Amino acid sequence: MKNHNKKIIIFDDDEDILSICSFILEEQGWKVTAFTDCNNIIDKVLAIMPDVILMDNWIPDDGGIIASQKLKQNEVLKSIPIIYFSANSDIELLANHAGAETYLAKPFDLEELERVINSVLEPTR
596 MKNHNKKIII
606 FDDDEDILSI
616 CSFILEEQGW
626 KVTAFTDCNN
636 IIDKVLAIMP
646 DVILMDNWIP
656 DDGGIIASQK
666 LKQNEVLKSI
676 PIIYFSANSD
686 IELLANHAGA
696 ETYLAKPFDL
706 EELERVINSV
716 LEPTR
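Its first residue numbered 596, the sequence shown is counted upward by one per residue in the working numbering.
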């Protein structure tokens, strides 16, 4: 399924993950924006207004939980689904704490990435 004109922001301080995810998602028609930190997160997200956000747990400076909570407290941005992703074994707990819609454990495969993104895009199954 092509996702033309759909926008996604990836927050991750791992350049390899950013480039792999960006490549995969761009191949599927996404317009990808990547950030290696979550500083001024409200401004960054407002400027793009993505359809989905991929949020790493260990993102400088605030970390994924605080960054996600800031977005969820913003009236304009709170409805944008956040997919929390981390190699942490407590990822489900972290994602819940962050207020994210769902999560994706690292390492993940392509099918999993696609499935999780589609699950937040199509809440009606």
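Ideal placement from N, C-alpha and C gives every residue a C-beta, glycine not left out. All of these numbers come straight from a predicted model, not from anything done at the bench.
Taking the alpha-carbon of residue i as reference, which of the options has the nearest alpha-carbon?
i      : options                        : result
Ile661 : His599, Phe606, Asn600         : Phe606
Asn669 : Phe680, Asp638, Asp651         : Asp638
Asn652 : Ala690, Glu622, Asp704, Lys673 : Ala690
Phe680 : Leu666, Lys665, Ile712, Lys673 : Ile712
Ala629 : Glu622, Glu610, Leu641         : Glu610
Lys701 : Gly694, Asp685, Ile648, Leu716 : Asp685
Asn683 : Ile612, Leu699, Leu716         : Leu699
Thr697 : Arg710, Ile678, Leu688         : Ile678
Leu589 : Pro655, Asp656, Leu688, Asn635 : Residue 589 cannot be examined here, being either before or after the span of the chain that is shown, 596 to 720.
Give me, in chain order, the residues of the same chain whose beta-carbon lies closer than 7 Å to that of residue i; leave out the 5 immediate sequence neighbours on both sides.
i      : result
Arg720 : Its pLDDT being 44, under 50, Arg720 is placed unreliably in this model, and the value from its coordinates should be taken loosely. Same-chain partners within the cutoff: there are none.
Quick one: what does DSSP say residue i is sitting in, helix, strand or coil?
i      : result
Ile619 : helix
Val627 : strand
Asp651 : strand
Ser614 : helix
Ala662 : helix
Ser681 : strand
Cutting at 6 Å between CB atoms, please list the residues of its own chain near residue i, excluding the five before and the five after it.
i      : result
Lys626 : Lys602
Along the chain, where does the beta strand (DSSP E) that runs through residue i open and close?
i      : result
Asp657 : Counting along the chain, Asp657 falls outside any beta strand (DSSP E), and DSSP gives it neither H nor E.
Ser714 : Taken as a continuous stretch (DSSP letters only), Ser714 belongs to no beta strand (DSSP E), being part of the alpha helix (DSSP H) at 705-716.
Lys602 : 602-606
How would you write the range of the alpha helix (DSSP H) that residue i sits in, first residue to last?
i      : result
Leu688 : 686-693
Lys639 : 636-643
Which whole-angstrom value is the C-beta distance of residue i and residue j, which I expect to be below 8 Å?
i      : j      : result
Val640 : Pro676 : At roughly 12 Å, the Cβ-Cβ gap does not stay under 8 Å, so Val640 and Pro676 are not in contact.
Ordered along the chain, which non-local residues of its own chain (more than five positions away) have a Cβ less than 8 Å from that of residue i?
i      : result
Leu705 : Ile619
His599 : Gly624
Ile643 : Lys602, Ile604, Thr628
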